[in-house]
């Protein structure tokens, strides 16, 4: 099929995540970037378009102008990648959804729970797809773990432990003018959660994706250890899932020696699984009463779910960019089905608007619980 015509909002010069999305969209050769509003500054938006080889008549200084014009063009964009700071996700995504343009949005869904719920209504009333790029769900061995749990290999799930630790905000980097630190620690742009919104949402989503469990309630203890910081840079969360499983989540951006240490451990009545993002091609599986066994991406023991997300032979590292690419390729399969007016294939898997609302509800509940001294709060109060 012809490549999907892709637009992008945000992601201009000096923007890290925009480059990641562009690489991911091209890895499996399913998308072509043809338009964009790459910056809120028109001059920078045009310069960024020139850098990326986007024609100047498809370079926009305003996302509303872009949505209106692209929807009218015969060869207008079919999908848009939203890679702005969190507070802009809602207004940008809404403009494209109401014009029937598919949305591929970076996480978290929005900066506030109210915006998340309004965006969910907009997505529900649109005929366009909504894809949320929790890229870790695209890793082959994460898909393997999900498949094994769904098949009952661990028995009844009892314990879930997930953590995401970094150290890059151990000092007040936001005061140095560093762009990423600046907006991620600013409540007006990031939302009410700091580390909880930035990486805690990844940890929460990963645990939910792999186990299939729904969170019932939590209690959280959040801290801003760096003096003068407005948002949390460390969080400890106890979790109770529907059905009786218990969980613990730790997220931190002030843990020296940690870079992107996302780890998941799941234990059931008949066995356990362990996975680490920094060593992503391996999954440890233990059957109760037996020695640990190592499952490798592309190797013996890996199943069909892992195989679908695998591109290169076993032993070659495959991770962060390819995880993003898997989400884009899954989105492409769904968009292509819509092109042909056929049902989306049943094996297409990507985080969607419901996962996005759940993530923002999780952050909101954590902040509320911590402000109340670590009180237990029910998730149904937030997610509805």
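In the UniProt record's numbering, the protein residues as written are 1 to 384. The beta carbon of each residue, even a glycine, is placed where N, CA and C say it ideally should be. Bear in mind that the values here come from a model prediction, so they are computed numbers and not experimental data.
Q: In angstroms with no decimal places, state the Cα-to-Cα distance between residue 252 and residue 15.
A: Here residue 252 is taken as the residue at index 252 of the chain shown, counted from 1. Here residue 15 is taken as the residue at index 15 of the chain shown, counted from 1. Their backbone Cα atoms lie some 23 Å apart in a straight line.
Q. Thinking C-alpha only, which one of 123, 202 and 48 is nearest residue 166?
A. Counting from one through the chain shown, the residue named residue 166 turns up at place 166. Residue 202 is the option with its Cα nearest to residue 166.
Q: Could you round the C-beta distance between residue 85 and residue 205 to whole angstroms and report it? I think they count as a contact, below 8 Å.
A: The count along the chain shown starts at 1 and reaches residue 85 at position 85. The count along the chain shown starts at 1 and reaches residue 205 at position 205. In fact, because the Cβ distance is near 19 Å, the residues do not count as touching under 8 Å.
Q | Nearest to residue 234 (by Cα), restricted to the options 240, 228, 241 and 224 | A | Position 234 of the chain shown, counted from the start, is the residue given in the question as residue 234. Out of 240, 228, 241 and 224, 224 has the C-alpha closest to the C-alpha of residue 234.
Q: Taking the CB atoms as reference points, tell me whether residue 295 and residue 144 lie closer together than 8 Å.
A: Reading the chain shown from its first residue, position 295 is the one you call residue 295. Reading the chain shown from its first residue, position 144 is the one you call residue 144. Yes; because the gap between Cβ atoms is below 8 Å, this pair is in contact.
Q. Residue 144 by DSSP, collapsed to three states: which one?
A. Stepping through the chain shown from its first residue, residue 144 is reached at position 144. The answer is helix: DSSP assigns residue 144 an H, G or I state.
Q) Which term fits residue 330, buried or exposed, when burial requires 16 or more other beta carbons within 10 angstroms of its beta carbon? A) As a first step, residue 330 is located in the chain shown; it is residue number 330 there, counting from the start. Flag for residue 330 reads buried.
Q. Considering only residues of the same chain and omitting the five flanking positions on each side of residue 113, which have a CB-CB separation below 7 Å?
A. Within the chain shown, numbered from 1, the residue matching residue 113 stands at position 113. Here the set comprises 360, 361, 364 and 382.
Q) Quick one: is residue 346 buried, meaning 16 or more other Cβ sit within 10 Å of its Cβ, or exposed? A) Start at 1 with the first residue of the chain shown, and residue 346 comes out as number 346. Exposed, because fewer than 16 other Cβ atoms sit within 10 Å of the Cβ of residue 346.
Q: Alpha carbon to alpha carbon, how far is residue 25 from residue 386? Give it in angstroms, no decimals.
A: The structure shown does not extend to residue 386, since the chain is modelled only from 1 through 384, so no value can be given for it.
Q | Backbone CA spacing between residue 258 and residue 138 [nearest angstrom] | A | Translated into positions along the chain shown, residue 258 becomes position 258. Translated into positions along the chain shown, residue 138 becomes position 138. Those two C-alpha atoms are separated by around 22 Å.
Q.
Alpha carbons only, please: which of 126, 27, 5 and 125 is nearest the one belonging to residue 73?
A. Position 73 of the chain shown holds residue 73. Of the listed residues, the one whose Cα sits closest to residue 73 is 5.
**Q.** Straight-line Cα distance separating residue 279 from residue 209
**A.** As a first step, residue 209 must be located in the chain shown, where it is residue number 209. As a first step, residue 279 must be located in the chain shown, where it is residue number 279. Their Cα atoms are separated by approximately 19 Å.
Q: Put residue 66 into one of helix, strand or coil per three-state DSSP.
A: By 1-based counting over the chain shown, the position of residue 66 is 66. Three-state result, residue 66: helix.
Q: State yes or no: is the C-beta of residue 106 within less than 8 Å of the C-beta of residue 82?
A: Counting from one through the chain shown, the residue named residue 106 turns up at place 106. Counting from one through the chain shown, the residue named residue 82 turns up at place 82. In contact: residue 106 and residue 82 (Cβ atoms closer than 8 Å).
Q) In terms of alpha-carbon separation, which member of 187, 37, 255 and 322 lies closest to residue 170? A) Here residue 170 corresponds to residue number 170 of the chain shown, with the count starting at 1. Nearest option by C-alpha distance: 255.
Q) Start and end of the beta strand (DSSP E) containing residue 32? A) Position 32 of the chain shown, counting from 1, holds the residue named residue 32. Note, residue 32: beta strand (DSSP E), 31-37.
Q: Pick out whichever of 226, 268 and 175 has its Cα sitting closest to the Cα of residue 246.
A: By one-based count along the chain shown, residue 246 stands at place 246. Comparing Cα positions, the closest option is 268.
Q. Can we say the region 329-344 touches the region 143-159, given the rule of at least three CB pairs closer than 8 Å?
A. no
Q. Using the C-alpha atoms, what's the distance from residue 289 back to residue 159?
A. The residue you call residue 159 lines up with position 159 of the chain shown. The residue you call residue 289 lines up with position 289 of the chain shown. So the alpha carbons of these two residues sit roughly 17 Å apart.
Q: Take residue 281 and list the residues in its own chain whose beta-carbon comes closer than 7 Å to its own, dropping the five residues that flank it on each side.
A: Residue mapping note: residue 281 aligns to position 281 of the chain shown, counting from 1. Answer for residue 281: 141, 296, 297, 317 and 318, listed in chain order.
Q) Grouping DSSP H, G and I as helix and E and B as strand, with all else coil, what is residue 223? A) Position 223 of the chain shown holds residue 223. Strand, per DSSP.
**Q.** Three-way DSSP call (helix, strand, coil) for residue 294 in this model
**A.** Locating residue 294 in the chain shown gives position 294, counting from the first residue. Residue state, collapsed to three classes: strand.
Q) Buried or exposed: residue 177, going by 16 or more other Cβ atoms within 10 Å of its Cβ? A) The sequence position of residue 177 within the chain shown is 177, counting from 1. Counting Cβ neighbours within 10 Å, residue 177 comes out exposed, since fewer than 16 surround it.
Q. Any idea which residues DSSP pairs residue 5 with across the strands?
A. Position 5 of the chain shown, counted from the start, is the residue given in the question as residue 5. 32.
Q) Which residue spans inside the UniProt domain "GFO/IDH/MocA-like oxidoreductase" (142-274) form an unbroken beta strand (DSSP E) run of at least 3? A) 157-165, 215-223, 234-241, 246-252 and 261-268
Q. For residue 50, does the count of other Cβ atoms within 10 angstroms reach 16, so buried, or fall short, so exposed?
A. Taking the first residue of the chain shown as position 1, residue 50 is located at position 50. With fewer than 16 other Cβ atoms within 10 Å, it is exposed.
Q) I think residue 185 touches residue 230, with their Cβ atoms under 8 Å apart; what is that distance to the nearest whole Å? A) Locating residue 185 in the chain shown gives position 185, counting from the first residue. Locating residue 230 in the chain shown gives position 230, counting from the first residue. The C-beta distance from residue 185 to residue 230 rounds to 7 Å, short enough to meet the 8 Å contact threshold.
Q. What does residue 104 pair with, by DSSP beta-bridge criteria?
A. Reading the chain shown from its first residue, position 104 is the one you call residue 104. Answer by DSSP bridge pairing, in chain order: 81 and 131.
Q. To which residues of the same chain is residue 179 closer than 7 Å at the C-beta, ignoring the five residues directly before and after it?
A. Numbered from its first residue, the chain shown carries residue 179 at position 179. Counting only Cβ-Cβ distances below 7 Å, and skipping sequence neighbours, we find 14.
**Q.** Euclidean distance between Cα positions of residue 240 and residue 220
**A.** Taking the chain shown and counting its residues from 1, one reaches residue 240 at position 240. Taking the chain shown and counting its residues from 1, one reaches residue 220 at position 220. When rounded, the distance between both Cα atoms is 12 Å.
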